[in-house]
Structures are given as C-alpha cells and as structure tokens.
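Each protein sequence line maps, in turn, to chains A and B. Those letters in the first sequence? Residues 9 to 195, by our numbering. Those letters in the second sequence? Residues 74 to 459, by our numbering. C-beta atoms are modelled at their ideal positions from N, C-alpha and C, and glycine is treated no differently.
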Amino acid sequence: MARYGMALDYKNCINCKACEVACKEENGVLLGADKHRIWVGQNELSGEWPMLNMSDASFLPSQCQHCEEAPCQEVCPTNATYFADGGIVMVDSDKCILCSYCMNACPYDARYVDDRTMTVDKCTFCSDTRLARGETTTACQATCPTKVRIFGDLDDPNSEISKVLREREHFSLKSHLGTKPKLFYLI
Amino acid sequence: MALKDYIKTYLPLRDKISLKPELNGVNLLFIVASLILIGVYLYGVVGFLLHGHHAYNVSREHPWGFLVSAYEFFVALSMGTIAIAASAVFFDIKALKPIVKRALIFGLLALMAGFAVFLFEIGHPITMIIYTALSGHPTSALFWLGVFYPLTMLFTFLTFIFYSAGKNAKIFAMLTLIFANSSILTAGSIFGLLNNNPFASGVFYPIEFLLSGILGGIFLFAIIAKFFIKDDSFKEGVLYLKEATIVIASLLLIMYLIKFLTAIYGNMPGKIEVVETIFYSPRFWLFELTFGIIIPLVVAIWGRKDQIGMFCMASVLGLIGLMAARINVVEAVQVVPKQLMKIREYQLPPSITHYSPSLVEWSIGIGAIGIFMALLFLAERTLKLD
C-alpha cells in the first residue's frame with residue numbers, strides 16, 4: 009500500500025500564493041479563509057538599511073503534515089479523523105461533532121472550521137478530488153511555477169519523492185513531538 | 074397501583090408533592106434569582122439558535138471559549154460533590170451522613186447543568202451521542218468522559234436509592250467513587266494530554282482538577298449544611314470539611330507554586346508567556362488564588378471550629394474562584410498561538426491570543442446556574458432528602 013508524503017524545496021518558493029489559490033479552487037475553500045488549508049509562512053528582512061540581514065528573508069510553505077502519529081486523530085472522540093488509504097489523515101464530516109479538540113491538539117495549526125458544514129476540515133492531499141479522479145499530483149503541486157512541491161509514495165523506492173529524500177538533506181517541523189510528519193523540507 | 078406509588082417503591086418521594094414553597098425571604102430570593110438566570114440562559118440559547126457558533130467569540134486561534142470553562146466548572150463541582158458523598162457512604166463517615174443524600178442528588182444536578190452548557194458548546198451533540206457509541210475512539214480523553222459520566226450517574230443514582238432505603242449501598246458507593254474520580258481525572262487529562270502544549274501537558278492539570286473538584290465538593294457541602302441542617306447534627310461534619318479544606322488547599326498552593334516557579338526559572342518559550350499573562354491578571358490573583366484557595370484556607374484554619382456561617386461565605390467565594398480557575402486553564406492552553414511556535418512562519422505573529430466571551434456565551438455559561446437552581450428546587454420539592 010502507498011504511503012503518501014510531500015517534499016518541499018522551500019528555498020525555491022517565491023510566495024506567489026498560486027498554491028493557495030489552486031487549493032481553494034480545487035477543494036472549495038471559502039473566500040476569505042486565508043492561511044487555512046495551506047499557507048506560506050514568511051520571514052521579512054531584519055535589520056535597518058543599509059545593514060539588512062538578507063539571510064533572514066525566507067518563505068516556508070506549509071499545510072497539514074499528515075503525521076504518522078497524528079495527535080488530531082488520537083484525540084478525536086468519534087473517529088471522525090481517520091487514516092485513509094495511503095496514510096492520509098482525513099476527516100469524516102458526518103462524524104465530526106465540532107468539539108475542536110483536534111484544533112487544539114494539532115501542533116501545526118493545520119485545522120480550521122469549514123463555515124458551510126460547521127465541521128473541522130484540513131488538507132487532504134487532494135485525495136478526495138484529484139487523486140480520486142486518477143491524477144497523481146495535488147493542486148498545489150501542479151500549479152507551483154518553481155516546482156517547490158514533490159508529492160508521491162514514500163514506500164515506492166522509484167518515486168520522485170523517495171529519490172529526492174535519498175539524495176538531499178531534509179528536515180521536518182516539530183519532529184521532537186514524535187508526530188512523524190510526512191512533509192519534508194529540503195535543505 | 075398509581076404511578077406515584079410505583080415510583081415510590083424505588084425513589085424516596087415526599088408524601089405530599091407540592092411545587093409551592095413557603096414564602097420566606099431566602100426562598101423568595103432563590104426563586105427570583107433562578108428565574109432571572111433562566112431568562113439569561115434562554116437569551117443565550119436563542120442567540121445560539123439564531124446564529125449558531127457564529128454567536129460565540131471563539132476563533133481558529135482560540136477554539137475553546139467560556140462555555141468550555143463553564144462546563145468544566147459544573148462537571149468538576151459535580152464529580153467532587155459526588156465523590157465526597159460516596160466516600161461518606163463507603164467509608165462509613167458518620168459525621169458527613171446527614172447530607173449525603175442531598176449531596177448525591179445535588180452532584181447529579183450540577184452535572185445536568187454542565188450538560189446544559191455542553192449541549193450548546195459542542196457543534197453537533199446528536200452526532201456526538203451516535204458516533205461516540207458507534208465508532209468511539211479509546212485514545213481520546215473525550216471518549217472516556219462519555220463512558221465515565223453515564224457510569225457515574227448510574228452508580229450515584231443506585232447509591233442514592235439503596236442508601237435512602239436503608240440498604241447496604243457500599244458496593245455502589247465504591248463504584249461511584251471510582252468513576253467520579255475517573256471522570257475528574259479524565260476531564261483534567263483533556264488539557265494534560267495536549268502534548269504540543271508545553272504549559273498544559275503533564276500531570277498538573279489532571280491532579281489539579283481532582284483536588285479542586287473535591288474542594289468544590291467541600292464548598293457545596295458547606296453551603297448545603299448552612300441552609301439545610303438546622304440542628305447540631307453536622308457539627309462534627311463541619312470539622313471534617315475544614316480539615317479536608319486545609320489539606321487540599323495547601324496541596325493546591327504547593328502545586329501552583331512549583332508549577333509557576335519552574336516555568337519562571339526555566340524561562341521556556343510556550344510556558345513563560347502563559348505565566349506572564351496569568352500573573353498579570355487579577356482573575357488569577359484575586360479570584361483563582363485569593364477567593365478560590367486562600368480565603369477558604371484561612372477561614373478553615375482560623376475560623377471558629379464548628380461554625381458553618383463564615384465557612385459557608387468562604388465557600389461561595391471559593392466557588393467563584395473555581396470558576397475563575399476553569400477560565401484560566403482554558404485560556405492557558407490557547408493564549409500562545411501555535412503559529413508563533415512554528416518555525417519561521419507568519420510575519421509578525423501575535424504574541425498572545427486575545428479572547429473575550431460574547432454576550433451569548435456569558436448568558437449560556439452563567440445562566441446554567443439558573444438551570445442548576447431550578448433543578449435543586451424541583452428535587453427539594455419532590456424527594457425526601459433529609
């Protein structure tokens with residue numbers, strides 16, 4: 009069985025926010041719900057002219073980390089949050105009771121309330137939209153002009169993501185919490 | 074057999090059931106206060122029905138609001154009261170027995186008031202009942218609350234019935250004690266198991282909930298004793314309550330001291346901001362600490378030993394303090410926004426999340442006291458609790 013993950017060559021990110029737009033379009037995220045499903049974090053230049061610290065300026069695209077030990081899944085009282093095929097963390101909106109426990113348990117702030125269904129929602133790696141249609145990329149990956157994102161099967165040694173993770177150093181966010189996130193930032 | 078007689082074979086109903094109380098000053102004040110608070114509650118409910126969760130000031134950064142605090146307050150108060158009453162039955166503590174029956178019922182009713190808040194805090198309560206049963210998740214603390222509450226309610230009720238009938242209720246009292254304590258510990262664990270939260274994660278909150286819940290139970294016992302025991306039969310019980318207050322309040326003070334000292338000493342991000350926010354707040358110093366712990370402790374130590382009057386007043390302040398403590402714990406787990414702790418994300422993140430309850434939230438949370446009072450009135454008028 010596949011085990012999906014995503015590698016992010018984040019230093020290539022130009023903060024054009026095309027990924028956020030594509031994600032909203034594909035997954036029907038409401039207008040105004042910025043930085044909800046995916047987002048681009050940014051550090052501005054520090055220091056004062058002319059002594060600017062250029063190394064501080066960076067962009068860090070992020071979203072749900074689809075943790076293998078997902079705290080949001082552990083705290084969900086009704087199993088509304090579950091692991092779907094491929095290890096993708098999904099939410100069954102029929103079972104969600106909007107207790108918001110998952111929102112407080114997620115270390116990555118990746119969950120939000122969908123105002124239409126009044127249930128908690130999150131990134132699904134487009135598994136119920138694009139992947140369900142037989143496509144092999146997520147919306148954010150397909151639209152990215154600088155090819156920041158590589159989505160694929162971590163258990164397939166021949167997949168692009170497996171190759172790049174073998175070849176390049178990478179790190180994960182808050183890995184000390186033991187969540188085993190499946191978003192990898194390439195150095 | 075008439076329905077009343079049939080129920081009477083199981084429940085200690087009054088011989089003459091009448092909802093008309095004697096109109097003295099205390100009763101009148103109680104009824105007027107109840108009606109006002111129920112009106113306040115209904116205002117909140119209408120606000121919720123019109124606007125749903127949008128009537129609340131909760132946000133993505135602060136998804137738990139005042140209703141969670143109010144719910145936790147009633148639940149801890151309920152479980153603490155039930156735990157003390159069950160202890161009196163199981164350990165045969167004669168000094169507390171004059172108010173055991175009333176305390177068991179009052180504890181159950183406090184839980185009902187908690188549910189009256191939770192009903193509007195949770196987004197989909199019917200879905201919760203269905204799917205907690207059909208696909209409950211044993212790794213979730215919330216799931217276990219759904220298991221422990223019904224068991225506590227069942228065994229509390231059985232203890233009440235058997236004890237009222239003069240039968241041996243010890244086995245039910247023991248099970249009540251076990252499940253009531255499990256419920257409080259689990260309620261605290263909702264916060265203690267947030268591993269991503271440096272301030273909340275750990276054993277502090279489960280233990281704090283247990284101790285402060287039992288302290289709340291002592292306060293409710295003292296208030297019951299003041300208003301319902303007219304003779305000297307509870308004099309020894311007052312001594313028990315005061316001694317227990319001294320032990321539990323002292324333990325809580327030590328726990329607070331260590332919790333805050335270690336946070337300040339370590340200066341650890343995610344902890345120090347919470348301590349600084351809470352330390353600067355009068356809600357902590359005046360209400361949680363002074364009202365909730367220090368005044369009851371001082372009265373318990375230096376007040377006249379077997380007199381309940383002053384201790385009852387301290388208990389009312391203590392309950393206000395416990396409500397403040399619940400507001401503080403809910404704020405403490407959310408006051409530091411998680412995006413601040415993400416690595417290099419977001420430009421100029423807010424250092425502190427701001428939240429103040431909306432009028433609808435205040436109405437439901439505070440108005441639930443009216444539900445509690447109305448249920449007490451009904452219980453007093455229908456059941457033999459003396």
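Within-9 Å CB hit, residue i to chain A
| i | result |
| --- | --- |
| Gln-380 (chain B) | no |
| Leu-215 (chain B) | yes |
| His-124 (chain B) | no |
| Pro-223 (chain B) | no |
| Asn-268 (chain B) | yes |
| Lys-415 (chain B) | In this predicted model, Lys-415 (chain B) has a pLDDT of only 41, less than 50, meaning its place in the structure is not dependable; the value taken from the coordinates is given anyway. Interface residue, yes. |
| Val-406 (chain B) | yes |
| Gly-440 (chain B) | no |
| Ile-157 (chain B) | no |
| Ile-263 (chain B) | yes |
| Thr-259 (chain B) | no |
| Gly-275 (chain B) | no |
| Pro-198 (chain B) | yes |
| Thr-426 (chain B) | no |
| Thr-350 (chain B) | no |
| Thr-212 (chain B) | yes |
DSSP beta-bridge partners of residue i
| i | result |
| --- | --- |
| Gln-149 (chain A) | Paired residue(s): none; Gln-149 (chain A) is not in a bridge. |
| Met-111 (chain A) | Partner(s): none; Met-111 (chain A) has no beta bridge. |
| Leu-456 (chain B) | B:Leu-86 |
| Thr-127 (chain A) | A:Asp-122 |
| Ala-15 (chain A) | A:Ile-158, A:Phe-192 |
Residue burial classification, residue i (beta-carbon count within 10 angstroms, cutoff 16)
| i | result |
| --- | --- |
| Phe-179 (chain A) | exposed |
| Glu-95 (chain B) | exposed |
| Thr-154 (chain A) | exposed |
| Met-1 (chain A) | Outside the modelled stretch of chain A, which goes from 9 to 195, sits residue 1 (chain A), for which no answer is possible. |
| Pro-355 (chain B) | exposed |
| Val-190 (chain B) | buried |
| Gln-380 (chain B) | exposed |
| Trp-217 (chain B) | buried |
| His-126 (chain B) | buried |
| Ile-444 (chain B) | buried |
| Arg-399 (chain B) | buried |
| Pro-211 (chain B) | exposed |
| Ala-78 (chain A) | buried |
| Pro-115 (chain A) | buried |
| Tyr-79 (chain B) | exposed |
CB contact below 9 Å: residue i versus chain B
| i | result |
| --- | --- |
| Cys-152 (chain A) | no |
| Thr-127 (chain A) | yes |
| Glu-56 (chain A) | no |
| Leu-191 (chain A) | no |
| Asp-123 (chain A) | yes |
| His-178 (chain A) | no |
| Pro-79 (chain A) | yes |
| Lys-130 (chain A) | no |
| Asp-102 (chain A) | yes |
| Glu-28 (chain A) | no |
| Gly-186 (chain A) | yes |
| Glu-175 (chain A) | no |
| Lys-182 (chain A) | yes |
| Tyr-120 (chain A) | yes |
| Glu-168 (chain A) | no |
| Leu-194 (chain A) | no |
| Glu-82 (chain A) | yes |
Interface partners of residue i on chain A, CB under 8 Å
| i | result |
| --- | --- |
| Met-201 (chain B) | Pro-85, Thr-86, Ile-105, Cys-107 |
| Lys-411 (chain B) | Cys-114, Pro-115, Tyr-116, Asp-117 |
| Ile-195 (chain B) | Ile-105, Leu-106, Cys-107 |
beta-carbon residue i near the ligand NAD non-hydrogen atom, thresh 8 Å
| i | result |
| --- | --- |
| Ala-128 (chain B) | With respect to the ligand NAD, the structure shown offers nothing to examine, as it has no ligands at all. |
Supposed close pair residue i, residue j - CB separation, criterion 8 Å
| i | j | result |
| --- | --- | --- |
| Phe-277 (chain B) | Gly-265 (chain B) | 7 Å |
| Val-402 (chain B) | Phe-384 (chain B) | About 26 Å separates the two Cβ atoms, so there is no contact after all. |
| Tyr-18 (chain A) | Val-156 (chain A) | 6 Å |
| Phe-146 (chain B) | Trp-435 (chain B) | Not a contact, Cβ separation roughly 14 Å. |
| Ala-158 (chain B) | Ala-183 (chain B) | Contact flag wrong, Cβ pair sits at about 12 Å. |
| Leu-390 (chain B) | Phe-357 (chain B) | Incorrect: roughly 15 Å between the Cβ atoms, too far for contact. |
| Phe-307 (chain B) | Pro-171 (chain B) | 5 Å |
| Ile-158 (chain A) | Ala-15 (chain A) | 4 Å |
Residues that residue i contacts on chain A, provided the C-beta gap is smaller than 9 Å
| i | result |
| --- | --- |
| Pro-279 (chain B) | The contacting residues do not exist; Pro-279 (chain B) stays about 15 Å from chain A at best. |
| Thr-205 (chain B) | Pro-85, Thr-86, Ile-105 |
| Gly-339 (chain B) | Ordered by position in chain A, no residue passes the 9 Å Cβ test against Gly-339 (chain B), which lies about 16 Å from the chain. |
Contacts of residue i in chain B (Cβ-Cβ under 9 Å)
| i | result |
| --- | --- |
| Met-98 (chain A) | Chain B residues near Met-98 (chain A): none, gap ~14 Å exceeds 9 Å. |
| Glu-143 (chain A) | The contacting residues do not exist; Glu-143 (chain A) stays about 28 Å from chain B at best. |
| Leu-16 (chain A) | None at all; the shortest Cβ gap to chain B is about 13 Å. |
Listed by chain order, chain B residues near residue i by CB distance under 8 Å
| i | result |
| --- | --- |
| Met-111 (chain A) | Arg-133, Pro-136 |
Residue i: contacting residues in chain A (beta-carbon distance under 7 Å)
| i | result |
| --- | --- |
| Ser-208 (chain B) | Thr-86, Asn-87, Lys-103 |
Proximal chain B residues relative to residue i, where beta-carbon distance stays under 7 Å
| i | result |
| --- | --- |
| Lys-76 (chain A) | Rather than Lys, the amino acid found at residue 76 (chain A) in this sequence is Glu. Those do not exist, as Glu-76 (chain A) stays about 14 Å from chain B at its closest Cβ, beyond 7 Å. |
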